[in-house]
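Here is the structure we will look at, set down as structure tokens.
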């Protein structure tokens with residue numbers, strides 16, 4: 008358990024630190040695309056990682072762990088050691104003062120992502136068994152979810168604009184309600200595709216808006232908090248799948264998405280629409 012806790016505890020801080028490095032490395036106008044590409048890479052790792060572990064396990068149980076250690080060392084070696092000269096030094100006037108309530112809608116968006124995704128990623132087997140399908144059909148759920156997420160992030164990166172998060176939250180509401188309603192295989196595939204397609208753009212939009220609000224010297228802590236909130240949502244969604252009826256679990260994600268959307272309607276000035284980040 009101690010060996011599992013160590014990488015788990017450091018994951019939130021690493022995520023926040025890497026997200027801050029991304030903002031320091033990429034120009035503002037390219038940031039939405041960079042975040043989308045980052046989401047695509049993560050989805051690719053989630054799909055290819057287990058397959059790689061299974062392949063390396065043929066050589067022995069220690070080999071996958073050693074490969075992970077090598078990957079961590081390589082990543083540490085590639086981390087930039089100094090800030091680029093092109094970076095602009097931000098003063099206190101660059102970022103307007105923001106209260107806790109200003110960050111709340113975006114943290115709620117992050118929580119919603121984890122909460123709704125967990126009801127799918129943790130329960131692929133019950134979802135297909137509800138339709139009378141065999142256990143071998145469970146990977147189809149994850150494949151559709153990850154594929155739709157990669158496609159949504161790719162389209163978002165190609166567009167190069169920061170979209171309206173309320174649109175993606177509406178997609179979460181529609182997808183979650185369809186998933187809970189159990190319309191058979193068409194409903195399952197359609198709902199998962201809609202949720203997956205909205206995930207990458209919503210994550211990118213939330214991240215860009217948080218960056219606009221966070222002072223530069225607090226970005227790492229702010230992004231770490233965002234990833235922690237998303238992880239809390241994932242944990243609660245996983246718990247809901249285990250103790251509640253299968254049709255009820257997605258409704259919590261729908262409720263969270265509706266609340267986040269309502270918060271952004273109340274304060275639309277904090278929501279970036281379809282304009283560029285630099286506008």
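In our numbering, the protein residues as written are 8 to 286. Even glycine gets a Cβ: it sits at the ideal position worked out from N, Cα and C.
- Here residue 223 carries a helix assignment [DSSP, helix/strand/coil].
- Along the length of the region 120-161, whole alpha helix (DSSP H) runs at least 4 residues long occupy 131-136, reported in chain order.
- Here residue 64 has 71 as same chain residues with Cβ atoms under 6 Å from its own Cβ, once five neighbours each way along the sequence are excluded.
- A straight line joining the alpha-carbon of residue 50 with that of residue 149 spans about 10 Å.
- In this structure, the alpha-carbon of residue 221 lies about 7 Å from that of residue 229.
- Taking the C-beta atoms as reference points, residue 144 is found nearer than 8 Å to residue 135.
- Taking a C-beta distance under 8 Å as the contact criterion, residue 86 and residue 180 do not qualify as a contact pair.
- According to the DSSP assignment, residue 262 belongs to the alpha helix (DSSP H) that extends over 256-273.
- With the rule of 3 Cβ pairs closer than 8 Å, the region 119-131 counts as touching the region 236-250.
- Residue burial annotation: residue 48 is exposed, with fewer than 16 other C-beta atoms found within 10 angstroms of its C-beta.
- From the listed residues 126, 68, 82, the smallest Cα separation to residue 250 is found for 126.
- Residue 59 sits in a helix when the DSSP states are folded into three classes.
- Excluding its 5 nearest sequence neighbours in each direction, residue 206 has C-beta neighbours in its own chain below 7 Å: 120, 124, 156, 159, listed in chain order.
- Using a C-beta cut-off of 8 Å, the region 190-204 makes no contact with the region 75-85, since fewer than three inter-stretch Cβ pairs fall below that distance.
- Assignment of residue 72 by DSSP, reduced to helix, strand and coil, places it in the helix class.
- Apart from the 5 residues on each side of it in sequence, residue 33 sits with its Cβ closer than 6 Å to the Cβ of 41 in its chain, given in chain order.
- Residue burial annotation: residue 113 is buried, with at least 16 other C-beta atoms found within 10 angstroms of its C-beta.
- Restricting attention to 236, 57, 263, 69, the CA atom closest to the CA of residue 175 is found in 263.
- By the 16-neighbour rule on beta-carbons within 10 angstroms, residue 45 is buried.
- In summary, residue 109 is exposed, with fewer than 16 beta-carbon neighbours lying within 10 Å of its beta-carbon over all protein chains present.
- In the displayed model, residue 39 falls within a helix according to three-state DSSP.
- Of 233, 141, 172, 197, the smallest CA-CA separation from residue 270 is found for 172.
- Burial is judged here by how many other beta carbons sit within 10 angstroms of a residue's own beta carbon; residue 52 has fewer than 16 and is exposed.
- If you draw a straight line from the Cα of residue 198 to the Cα of residue 182, it comes to about 4 Å.
- Shortest Cα-Cα distance from residue 128 to any of 170, 73, 256 involves 256.
- Of the residues assessed, residue 210 falls on the buried side of the cut-off, its CB having 16 or more other CB atoms within 10 angstroms.
- In this chain, the alpha helix (DSSP H) harbouring residue 182 covers 172-188.
- Ranked by how close their Cα comes to the Cα of residue 27, the residues 273, 215, 236 have 215 in first place.
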